[in-house]
Amino acid sequence: MSNRKTAGDSREAESTGSEETQAAPLTAAADAHQSEQPTAAEQANGVDQGADAVAAEDGASSNAAVVALTERIAELEAENSELKDQYLRKQAEFENFRKRMNRDKEDGIAFANKQLLLDLVAIIDDFERAILSAEESRDFDSFHNGVALIEKQFTGMLERKWGLKRFDSVGEPFDPQRHEALTTEEVADHDESTVLEDYQKGYLLHDKVLRSAKVKVSVSGTR
886 MSNRKTAGDS REAESTGSEE TQAAPLTAAA DAHQSEQPTA AEQANGVDQG
936 ADAVAAEDGA SSNAAVVALT ERIAELEAEN SELKDQYLRK QAEFENFRKR
986 MNRDKEDGIA FANKQLLLDL VAIIDDFERA ILSAEESRDF DSFHNGVALI
1036 EKQFTGMLER KWGLKRFDSV GEPFDPQRHE ALTTEEVADH DESTVLEDYQ
1086 KGYLLHDKVL RSAKVKVSVS GTR
């Protein structure tokens, strides 16, 4: 009886040992698999590290963008400063040009008749010489001839250099564009509206009437 229990116990022990032997590899594999899986803390730590890496990358990108933007702002400020300087220089140049043009215009107006006045001064010199000669000689004919010569030189200069020409009207048909009738006279040997006499000569400036002649005009009469 005792021997049977011992044998039975041996078989049970062998069976138990065999089961334990078979279960040991499975337990070891499970433990190994479990050891390969990250723990919750490790997973959380990995997430934090990934977030930190992304944040670091974003921060680096943001810093680079800020640096680039700062450099661009500096470039634009430099360009703006240069353009402002150019504008101020151009404005100063234009102001100087405007002042110079106004000054030249004023000088042009003030001295527009400079040459004409110089020509007139030369005629005055001739008159002074004629008067001095007449005072010394008391010769009326010489004085008359001298004045007539000066008058001829004067009118010639005005026509030649300035386009001012004196015109005679006696014998011409009356033209209201060229003549101003002061008086009329009935005559038999002239056609009606003929200029009989010049009271004051008329002048043309470049072939346009500058001053009308003051004249006497004929009217119809008995032939």
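Counting in my numbering, the sequence shown runs from 886 upward without gaps. The beta carbon of each residue, even a glycine, is placed where N, CA and C say it ideally should be. Owing to the predicted nature of the structure, the values given are computational and were not obtained by experimental measurement.
Around the Cβ of S1103, a 10 Å sphere holds 16 or more other Cβ atoms; the residue is buried.
Put simply, the region 1030–1039 does not touch the region 981–996. Fewer than three CB pairs are less than 8 Å apart.
Taken atom to atom, the span from the alpha-carbon of E1020 to that of A1007 is near 20 Å.
V1055: not part of any alpha helix (DSSP H); DSSP gives it neither H nor E. Going by DSSP, E1071 is part of no alpha helix (DSSP H) but of the beta strand (DSSP E) stretching over 1064–1071. Nearest C-alpha to D1074 among S1105, E967, W1047, E960: S1105.
In the three-state scheme derived from DSSP, where H, G and I count as helix and E and B as strand, D1083 is classed as strand.
With fewer than 16 other Cβ atoms from the protein chains shown falling within 10 Å of its own Cβ, L954 counts as exposed.
In this structure, the beta-carbon distance from K1101 to L1081 falls below 8 Å.
By the Cβ criterion, the region 1050–1064 is in contact with the region 1089–1099, since at least three pairs of Cβ atoms, one from each stretch, lie closer than 8 Å. S1097 and S1078 have their C-alpha atoms roughly 16 Å apart. Between M1042 and D1004, the C-beta spacing is below 8 Å.
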